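Only one structure is covered here, and it is reproduced in the block below.
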Amino acid sequence: MDVNLLAARLLVVEDEARLAANLAQGLSEAGYTIVLAGSAEEARARLGAEHYDLLVLDLRLPGQDGLAFLRELRREGSVLPVLILTARDGTADRVTGLDSGADDYLVKPFAFSELLARLRALLRRRLAAGAPVVEVGELRLDTLSRRAWRGRRELGLSPKEAAVLEYLMRHAGVTVARDALGAAVWGESYDPCSNLVGVFINRLRQKIDQVREPSAIVTVRGAGYLLRVGARGDGDGGAT
Ligand code: CA
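Each residue of the sequence shown is one higher than the one before, starting from 28 at the first, in the numbering used here.
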């Protein structure tokens, strides 16, 4: 297996303890890093805290249903590959699952070898989905692992910080409106009255900028933010 596929981190949302344990064991043996969540709420907390490459999602869960959780993720702009693993085996269920944003759908009971093959296919597709690495000047962001560097220095970003930076990098040299950025990163949960974007921009500046240099992220008063294309603070000063 490709090294990148082996290193993948999988979040498995499954409330049935025995199946969850079997999945964790089988997937670990296959070389993946596995984290288990017993509910959508737990999964949400995990996704907010750490990076994952793929989500395996049961539908019948205590609390929020798997489908509702998936729709919410997609509304918020998440592109995380999702494989639904469920006992709901009707054609209409599969159609609903895929239409709700799943990338694949596998019915229980299933052959483990088929689950592994489908996971490999999803991860391969994600890797092939083109240029997972975005570069602007000295800044480099691996959108797959959510790691970012300025030159050779790793920035140590949280997933949301990485998402804000990715948005700025994909619009480098263009002034982006604060609310457009907020909506892209936080989706429907974004509150335009909050100062969330400002807070994250400041955190990013602290991590990106080097001492005695003007910030790579420029505040354009009354308009938004601008990532300098050079992103190396090349001297027009006072632009924080
Ligand atoms: Ca269940």
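Every residue gets a Cβ at the ideal spot worked out from N, C-alpha and C, and that includes glycine. Computed from a predicted model, the values in this text were never measured in an experiment.
Taking 8 Å as the cut-off, does the CB of residue i come closer than this to any heavy atom belonging to ligand 1?
{"i": "E41", "result": "yes"}
{"i": "L50", "result": "no"}
{"i": "L88", "result": "yes"}
{"i": "D120", "result": "no"}
{"i": "D206", "result": "no"}
{"i": "D85", "result": "yes"}
Can you give the Cα-Cα distance for residue i and residue j, rounded to whole angstroms?
{"i": "E215", "j": "G90", "result": "21 Å"}
{"i": "G101", "j": "L107", "result": "Per the sequence presented here, residue 101 reads as Arg, with Gly not at that position. Computed Cα separation, rounded: 9 Å."}
{"i": "F227", "j": "A138", "result": "44 Å"}
{"i": "V134", "j": "A72", "result": "26 Å"}
{"i": "D126", "j": "E240", "result": "48 Å"}
{"i": "D206", "j": "W213", "result": "10 Å"}
{"i": "L149", "j": "L50", "result": "17 Å"}
{"i": "G146", "j": "S55", "result": "Gly is not the amino acid found at residue 146; the sequence shown has Leu there. Rounded to whole angstroms, L146 to S55 spans 13 Å at the Cα level."}
{"i": "R87", "j": "T202", "result": "44 Å"}
{"i": "G93", "j": "S140", "result": "24 Å"}
{"i": "D29", "j": "G183", "result": "The predicted position of D29 is uncertain, since its pLDDT is 46 and thus under 50; no value can be drawn from it."}
{"i": "R255", "j": "G200", "result": "5 Å"}
{"i": "S221", "j": "G209", "result": "10 Å"}
{"i": "L81", "j": "A243", "result": "32 Å"}
{"i": "L192", "j": "V245", "result": "13 Å"}
{"i": "H78", "j": "A119", "result": "32 Å"}
{"i": "E21", "j": "D130", "result": "The displayed coordinates of the chain run from 28 to 267. Any statement about residue 21 would go beyond what the structure contains."}
{"i": "E165", "j": "R177", "result": "5 Å"}
{"i": "V62", "j": "G225", "result": "32 Å"}
Assign residue i to one of three DSSP states: helix, strand, or coil.
{"i": "A138", "result": "coil"}
{"i": "Y59", "result": "coil"}
{"i": "A51", "result": "helix"}
{"i": "T118", "result": "helix"}
{"i": "L33", "result": "Because the pLDDT at L33 is just 49, under 50, the model does not fix this residue reliably, and the value given afterwards should be weighed accordingly. Of the three classes helix, strand and coil, the one that applies to L33 here is helix, per DSSP."}
{"i": "Y217", "result": "coil"}
{"i": "T170", "result": "coil"}
{"i": "D126", "result": "helix"}
{"i": "A144", "result": "helix"}
{"i": "L182", "result": "coil"}
{"i": "A64", "result": "strand"}
{"i": "A175", "result": "strand"}
{"i": "D263", "result": "The predicted position of D263 is uncertain, since its pLDDT is 41 and thus under 50; a value taken from the coordinates is nonetheless stated next. Correct three-state label for D263: coil."}
Could you tell me the boundaries of the beta strand (DSSP E) in which residue i lies?
{"i": "T113", "result": "109 to 113"}
{"i": "V247", "result": "244 to 247"}
{"i": "V163", "result": "160 to 163"}
If you follow the alpha helix (DSSP H) that residue i is in, where does it begin and where does it stop?
{"i": "V212", "result": "205 to 213"}
{"i": "R197", "result": "186 to 197"}
{"i": "G75", "result": "67 to 76"}
{"i": "G251", "result": "Premise fails: G251 lies in the beta strand (DSSP E), 251 to 254, not in any alpha helix (DSSP H)."}
{"i": "L223", "result": "223 to 235"}
{"i": "L86", "result": "That residue, L86, is in no alpha helix (DSSP H); it is neither H nor E in DSSP."}
{"i": "E12", "result": "As shown, the chain starts at 28 and ends at 267. That puts residue 12 outside it, with no answer to give."}
Ligand 2 and residue i: does the residue's C-beta get closer than 8 Å to at least one heavy atom of that ligand?
{"i": "L133", "result": "Summarising the ligand content, the structure contains ligand 1 and does not contain ligand 2."}
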